[in-house]
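Undergrad:
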Amino acid sequence: MNPQELKSILSAGLLSFPVTDFNAQGDFNRAGYIKRLEWLAPYGASALFAAGGTGEFFSLAASEYSEIIKTAVDTCATSVPILAGVGGSTRQAIEYAQEAERLGAKGLLLLPHYLTEASQDGVADHVEAVCKSVNIGVVVYNRNVCRLNATLLERLAERCPNLIGYKDGLGDIELMVSIRRRLGDRFSYLGGLPTAEVYAAAYKALGVPVYSSAVFNFIPKTAMDFYHAIAREDHATVGKIIDDFFLPYLDIRNRKAGYAVSIVKAGAKIAGYDAGPVRAPLTDLTREEYEMLAALIDKQGAQ
31 MNPQELKSIL
41 SAGLLSFPVT
51 DFNAQGDFNR
61 AGYIKRLEWL
71 APYGASALFA
81 AGGTGEFFSL
91 AASEYSEIIK
101 TAVDTCATSV
111 PILAGVGGST
121 RQAIEYAQEA
131 ERLGAKGLLL
141 LPHYLTEASQ
151 DGVADHVEAV
161 CKSVNIGVVV
171 YNRNVCRLNA
181 TLLERLAERC
191 PNLIGYKDGL
201 GDIELMVSIR
211 RRLGDRFSYL
221 GGLPTAEVYA
231 AAYKALGVPV
241 YSSAVFNFIP
251 KTAMDFYHAI
261 AREDHATVGK
271 IIDDFFLPYL
281 DIRNRKAGYA
291 VSIVKAGAKI
301 AGYDAGPVRA
311 PLTDLTREEY
321 EMLAALIDKQ
331 GAQ
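Here our numbering is used: the first residue of the sequence shown is 31, the next is one more, and so on.
1) Buried or exposed: which applies to T146, given that a residue is buried once 16 or more other Cβ atoms fall within 10 Å of its Cβ?
2) Taking the alpha-carbon of N165 as reference, which of Q34, A298 and Y320 has the nearest alpha-carbon?
3) Any idea which residues DSSP pairs S41 with across the strands?
4) Taking the alpha carbon of I249 as the reference point, which residue from E97, A231 and A296 has its own alpha carbon closest?
5) Do A107 and L133 count as a contact pair if the criterion is CB distance below 9 Å?
6) In the DSSP assignment, find the alpha helix (DSSP H) that holds V228 and state where it starts and stops.
7) Verify whether the separation of the beta carbon atoms of V168 and I124 is less than 9 Å.
8) Counting pairs of Cβ atoms below 8 Å between the region 301–309 and the region 214–229, do you hit three or more?
9) Would L336 pass as a contact of T50 if the rule is Cβ separation under 9 Å?
10) Can you give me the start and stop residues for the beta strand (DSSP E) that D328 sits inside?
11) Are L182 and L193 touching if we call contact CB-CB under 9 Å?
12) For H258, does the count of other Cβ atoms within 10 angstroms reach 16, so buried, or fall short, so exposed?
13) Give me whichever residues DSSP pairs with G167 in a beta bridge.
14) In whole angstroms, give me the CA-to-CA distance for P278 and V103.
15) Do Y241 and L70 count as a contact pair if the criterion is CB distance below 9 Å?
16) Taking C-beta to C-beta, are F79 and F47 nearer than 9 Å?
17) Less than 9 Å separating the beta-carbons of Y63 and F246?
18) List the whole-angstrom C-beta distance separating N174 from L205, where the pair is believed to meet the contact cut-off of C-beta under 8 Å.
19) Between the C-alpha atoms of D281 and Y289, what's the straight-line distance to the nearest angstrom?
20) Mark R210 as exposed unless 16 or more other C-beta atoms lie within 10 angstroms of its C-beta, in which case mark it buried.
21) Measuring straight from C-alpha to C-alpha, what distance separates A127 and A61?
22) Just the Cα atoms here: how many angstroms apart are K270 and A301?
23) Look up A244 in the DSSP assignment and say whether it is helix, strand or coil.
24) For the alpha helix (DSSP H) that contains R152, what are its first and last residues?
25) Could you compute how far the alpha carbon of Q333 sits from the alpha carbon of K251?
26) With DSSP run on the structure shown, which of helix, strand or coil describes A80?
27) Which residue marks the beginning of the alpha helix (DSSP H) containing L236, and which one marks its end?
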């Protein structure tokens, strides 16, 4: 799959980031991960991102990373494209990127670099180096310390033909509008704020109809129903799902830093696809929070 083919795929539909399965000892659980991917793939996501933020990329050893990407690529070879998360220092990110390409990933999501004290010109150089190290398509994730503006993204677009996507995790509407207006159709644009459904209608109005769904990990039918309601501007259905599920869900998620991942793993367990505990420095939901989430999921019905 060449970068432009990947860009076309990422320009429509729902995207998702499967959690990474660990056993009780915290080691990668390959069998559980295969079962999860086989469950999720038929629901209709346009692409799945292995070892992304929700997949706890930040906690993985290099050897685990290779096994996770290979497992995802092999399991989903005939069903849905796999993109791989990459990140860390520039040399680390290049090593991950080249390994993911070798293993058959169709593209990459370049997560924010590890160093907080860096100019955005330096961040752009980092993105350029990673893009030039591979031939597959790359999506850059503007979040946290990566805050590339329209001018820098335009420069990167000229220098890196395989930089085909921009994922926004900042929620800066002024910046998003300036990037979308300046770059036009050069990129595929993805909404990437945590619990992106809450922002989906606003981003669609900006010309960014595609987003990544974390809750697809445990309520895939509801996630797809919500996406289709957004697409057809069915405001009644959108409002009902937000009121009945997402707002109380956010009340739980916002209790502790890092719960954006922890709550998804808890949801997967409730759905019957236990992915094991999160790795430090994240912490799992308390029993009370787990039961609150279980009640919310139960209201969504069979998936």
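Built from N, CA and C at the ideal position, the CB exists for glycine as well.
All values derive from a computational prediction rather than experimental measurement.
TA: Straight from the coordinates:
1) By 1-based counting over the sequence shown, the position of residue 146 is 116. The residue is exposed, with fewer than 16 neighbouring Cβ atoms inside 10 Å.
2) As a position in the sequence shown, residue 165 is number 135, starting the count at 1. Looking at the Cα atoms, Q34 is the closest of the given residues.
3) Here residue 41 is taken as the residue at index 11 of the sequence shown, counted from 1. Answer by DSSP bridge pairing: none, since S41 is not bridged.
4) Here residue 249 refers to the residue found at position 219 when the sequence shown is read from its first residue. The candidate whose alpha carbon is nearest that of I249 is A296.
5) Position 103 of the sequence shown, counting from 1, holds the residue named residue 133. Position 77 of the sequence shown, counting from 1, holds the residue named residue 107. Cβ distance not < 9 Å, so L133 and A107 don't count as in contact.
6) Counting from 1 along the sequence shown, the entry for residue 228 is found at position 198. Careful: V228 lies outside any alpha helix (DSSP H) and carries neither H nor E.
7) Sequence index remark: in the sequence shown, residue 168 carries index 138 (1-based). Sequence index remark: in the sequence shown, residue 124 carries index 94 (1-based). Taking 9 Å as the Cβ cut-off, V168 and I124 do not qualify as a contacting pair.
8) no
9) Residue coverage of the chain in this structure runs from 31 to 333, which leaves residue 336 outside it and unanswerable.
10) Your numbering for residue 328 matches position 298 in the sequence shown. Element bounds for D328: not the beta strand (DSSP E) but the alpha helix (DSSP H), R317 to K329.
11) Position 152 of the sequence shown, counted from the first residue, corresponds to residue 182. Position 163 of the sequence shown, counted from the first residue, corresponds to residue 193. Going by C-beta atoms, L182 is not nearer than 9 Å to L193.
12) Counting from one through the sequence shown, the residue named residue 258 turns up at place 228. So H258 counts as exposed.
13) Position 137 of the sequence shown, counted from the first residue, corresponds to residue 167. For G167, which the question treats as bridged, DSSP gives the partners G137.
14) Here the question's residue 278 lines up with position 248 in the sequence shown. Here the question's residue 103 lines up with position 73 in the sequence shown. So the alpha carbons of these two residues sit roughly 35 Å apart.
15) Counting from one through the sequence shown, the residue named residue 70 turns up at place 40. Counting from one through the sequence shown, the residue named residue 241 turns up at place 211. Taking 9 Å as the Cβ cut-off, L70 and Y241 do not qualify as a contacting pair.
16) Position 49 of the sequence shown, counted from the first residue, corresponds to residue 79. Position 17 of the sequence shown, counted from the first residue, corresponds to residue 47. In this structure, F47 lies closer than 9 Å to F79 by Cβ.
17) Taking the first residue of the sequence shown as 1, we reach residue 63 at position 33. Taking the first residue of the sequence shown as 1, we reach residue 246 at position 216. No, the Cβ-Cβ distance between Y63 and F246 is not below 9 Å.
18) Counting from 1 along the sequence shown, the entry for residue 174 is found at position 144. Counting from 1 along the sequence shown, the entry for residue 205 is found at position 175. Their Cβ separation, rounded to whole angstroms, is 14 Å, which puts N174 and L205 out of contact at 8 Å.
19) Walking along the sequence shown from the start, residue 281 turns up at place 251. Walking along the sequence shown from the start, residue 289 turns up at place 259. The straight-line gap from Cα to Cα measures roughly 11 Å.
20) For the purposes of this step, residue 210 is taken as the residue at position 180 of the sequence shown. Classification for R210: buried.
21) To locate residue 127, count along the sequence shown from 1; it is residue 97. To locate residue 61, count along the sequence shown from 1; it is residue 31. Their Cα atoms are separated by approximately 24 Å.
22) Translated into positions along the sequence shown, residue 270 becomes position 240. Translated into positions along the sequence shown, residue 301 becomes position 271. If I take the Cα positions, the gap works out to 22 Å.
23) Reading the sequence shown from its first residue, position 214 is the one you call residue 244. Coil.
24) Here the question's residue 152 lines up with position 122 in the sequence shown. A small correction: the amino acid at residue 152 is Gly; Arg does not occupy that position in the sequence shown. First-last of the alpha helix (DSSP H) with G152: Q150 to K162.
25) Indexing the sequence shown from 1 puts residue 333 at position 303. Indexing the sequence shown from 1 puts residue 251 at position 221. Going by the C-alpha atoms only, they are around 5 Å apart.
26) Your numbering for residue 80 matches position 50 in the sequence shown. Residue state, collapsed to three classes: strand.
27) The sequence position of residue 236 within the sequence shown is 206, counting from 1. Looking at the DSSP string, L236 is not in any alpha helix (DSSP H), and its letter there is neither H nor E.
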